[in-house]
Amino acid sequence: MKAATTPSQRPRDAKLLVVGANGRMQYALRARLVDFLRTGDLLVANDAATLPASLTGIHLRSGLPIEVRLAGRRSLAVDDLRAFSAIAFGAGDHRTATEQRPPPPALAVGDRLALGPLRAVVRRTLGHPRLIELAFDGTPDAIWAGLARHGRPVQYAHVAQPLALWDVWTRVAAQPVAFEPPSAGFVLDWRLLHTLAARGVGFATLTHAAGLSSTGDAALDARLPFDEPYRLPAATVQAVLATRHAGGRVIALGTTVTRALEHAASRRHGLRAGAGLATQRLGAHSRLRVVDAIVSGTHEPGSSHRELLRAFASDAVLARVDAVLLANGYLTHEFGDSVLIERGDVGRHPVAPRDHRHDLLGTGQGPIAGASARADDAGDACHPTRCDTAR
Amino acid sequence: MNTSTLAGMRAAITGGTSGLGLALVRALQERGAQVAFVARDAQRVRRVAAELPGTHGIVGDIADKADTHRIALQVNAALGGLDLLVNNASSLGPVPLALLADTDCEDLEAALATNVVGPFRLTKALLGSLAAAAREQRGPRRPGALVVNIVSDAAVTPYAGWGAYGASKAALAQLSRIWDEELREHGVQVLSFDPGDMDTPLHALALPDADPATLKRPAESARELVALIESALTPTETGA
């Protein structure tokens, strides 16, 4: 798939491939996402703001340039800020593909780094020359000020122009805890939130420290996603439970929302409000307990995000999806096009089967069929050929 | 004092190192709020933060687009969320005051940048946090989150010599009304507040010869503003 190279969160021609529980596919404009949601559904977003997690500076022992990309934290507590896991690179910047970046200077415990106004020490090495635990000097306020002033959003070679924070904050961005943008949330704006409310679709948020999607190193990429802390508000738990009770669907806006909700639901006492650390990997063998459908970017086969989609749809369906995305020029990566996948048989929850749910539209049809009729009537369904010429 | 509605509330104030802003930082902290304040001068920010332990001082210029998200990031990080934003930092426009016909367009633009565009941008950047705070309140009596924009009677009355300031504050007042209309459904109230003629550095710039004895103390205006905030954020039967 081709990468989206322009940092626009809501391009007018952004595409959405809708994949029903039965594997049936439909083309749509992403701006029409709301037409595929029903009264009684709940859309859950990750409201994490994106940190300027890329810090350049000097490895003081060698005097050599270094870039560190903050990659993980133990918790989201505002004052639990001193220690981060981080990926280190040698000279260069995002314009060089991560795979081509030289390694960092040899890093040893106790090495000090000067990163703009920030000073940090390598506290541990983590089993890979690029992966370290980094501790910053100073008070939390001083560390936040240093990050705000000196840090830049993590970015990759497919977007050439330097990203600003406003390029990577969603409209609902709040706590700055994500290392890369929770980009499925780029679709959100306040008009959409208004429309959701007007149509009786619920909206709730959680905060999840979305981690790096790629390190440029196969051995490290194989360890992704790292453990990611999250916080689930009581109001969101209440909304999820009420939605399920009433037979609505819980629709996760992005892989991070899915990971947080499913992690919370897998705990011994079930879905509870509060802090958690998502450690699990979701894939073909995961049973989804909470999430009925996911809105996600398009992902290259083999990536951890693509793996997660296997919890929603069979490999046969996903193979067809991949082929359709490729054939129709869907763009990938954070500013690319999207998919909406309703979980099929592979993701069926063993305790609360789908049969107990009501068809809230009262059309007697499945959700996708009902949505299809609306989209077609409006004349805005995006057919592959038309999408190609639009691009 | 900790019986106040404001106890534990997370509040951010721009222009927090002098005048009304500083008085408000003190008043909110006295009532148990967690307070972050923003100002341009690093030394003054450090001094106020040291003088009022527990507050979070943030250096930034709201008139500078590049500072907006840096400020928002630090506010969110320091407080862990946000219930109240007070856009207080203000620019007088040309100093000394000038008739509109003598006002350089750059001075008008500077007044608009600080008094209209800056509060607009910062509110937008912090809206995610404010709306999250409103969503996370539970029960039928949710007061929601609040933005207060500091305006002036010069926004309403056409005082000669106050063109840049008055026009920019009028724009801010109208922005507040429209935003209040649009954000109500998200649980965010947007109000404007006219603190009156106070004995502040800004007033001294405008009217250096004014007798301070005839002017309000900033602390008095801050008390009135706190009463407005308490009233807006007191849980009600109808709720936001």
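Heads up: the sequence lines are chains A and B, in that order.
All you need for the numbering used here is the position in the first sequence, starting with 1, plus 14.
All you need for the numbering used here is the position in the second sequence, starting with 1, plus 3.
Positions of the beta carbon are idealized from the N, C-alpha and C atoms, including for glycine.
All values reported here derive from a predicted model rather than from experimental measurement.
Counting along the chain, serine 352 of chain A sits inside no alpha helix (DSSP H); it lies in the beta strand (DSSP E) bounded by residues 352-356. Chain B has a Cβ within less than 8 Å of the Cβ of threonine 219 of chain A.
In summary, glutamine 37 of chain B is buried, with 16 or more beta-carbon neighbours lying within 10 Å of its beta-carbon over all protein chains present.
Secondary structure at proline 198 of chain B: coil, using DSSP grouped into helix, strand and coil. Of all residues in the region 163-180 of chain A, the ones placed with a Cβ closer than 7 Å to any Cβ belonging to chain B are Arg163, Leu179, Trp180, in chain order.
Contact annotation, alanine 167 of chain B with threonine 117 of chain B: C-beta distance approximately 10 Å; criterion of less than 8 Å not satisfied. At least 8 Å separates the CB of arginine 180 of chain B from every CB of chain A. As computed with DSSP, isoleucine 232 of chain B is found in no beta bridge at all. Remark: C-beta atoms of alanine 163 of chain B and leucine 208 of chain B do not approach each other more closely than 8 Å. For isoleucine 16 of chain B, the three-state secondary structure derived from DSSP is strand.
The criterion of a C-beta distance shorter than 8 Å is not satisfied by leucine 175 of chain B and valine 89 of chain B. Inclusion of leucine 57 of chain A and isoleucine 355 of chain A in the CB contact set at 8 Å is not warranted, their separation being larger than that value. Within chain B, no residue has its beta carbon less than 8 Å from that of valine 305 of chain A; the closest one is some 19 Å off.
Here valine 251 of chain A is not near serine 310 of chain A, since their CB atoms are 8 Å or more apart. Contact check for valine 182 of chain A and proline 195 of chain A: beta-carbon distance about 4 Å, within the 8 Å limit, so the pair qualifies.
A distance below 8 Å separates the beta carbons of alanine 18 of chain A and histidine 347 of chain A. In the displayed model, tryptophan 183 of chain A falls within coil according to three-state DSSP, outside both helix and strand.
With respect to aspartate 155 of chain A, histidine 73 of chain A sits apart: the two C-beta atoms are not nearer than 8 Å. Relative to the Cα of glycine 121 of chain B, the nearest Cα in the group B:His189, B:Ile65, B:Met12 belongs to B:Ile65.
Boundaries of the alpha helix (DSSP H) harbouring phenylalanine 123 of chain B: 121-139, taken from the DSSP string.
Under a criterion of Cβ atoms nearer than 7 Å, the residues of chain A adjacent to serine 132 of chain B are, in order, Ala188. A direct Cα-Cα distance of roughly 6 Å separates arginine 47 of chain B from threonine 20 of chain B. For proline 190 of chain A, there is no enclosing alpha helix (DSSP H); the residue is part of the beta strand (DSSP E) that begins and ends at 190-192. With respect to the 8 Å criterion, alanine 253 of chain A and alanine 218 of chain A are classified as neighbours on the basis of their beta carbons. In the structure shown, the three-state DSSP call for proline 215 of chain B is helix. Runs of the alpha helix (DSSP H) lying entirely within the region 79-127 of chain B, each at least 4 residues long, are 108-115 in chain order. Under DSSP, the beta-bridge partners assigned to glutamine 40 of chain A are A:Val32. In this structure the region 108-118 of chain A lies against the region 230-241 of chain A, because at least three pairs of beta carbons, one per stretch, are closer than 8 Å. Cβ proximity to chain B below 8 Å picks out Pro154, Asp155, Trp158, Ala159 from the region 143-160 of chain A.
For aspartate 61 of chain A, the C-beta contacts it makes with chain B under 7 Å involve Gly131, Ala135, in order along the chain.
For the region 322-353 of chain A, the continuous alpha helix (DSSP H) assignments of 4+ residues that do not extend past its boundaries occur at 329-341, in sequence order. Segment contact: the region 70-84 of chain A against the region 208-215 of chain A, fewer than three CB-CB distances shorter than 8 Å; contact not assigned.
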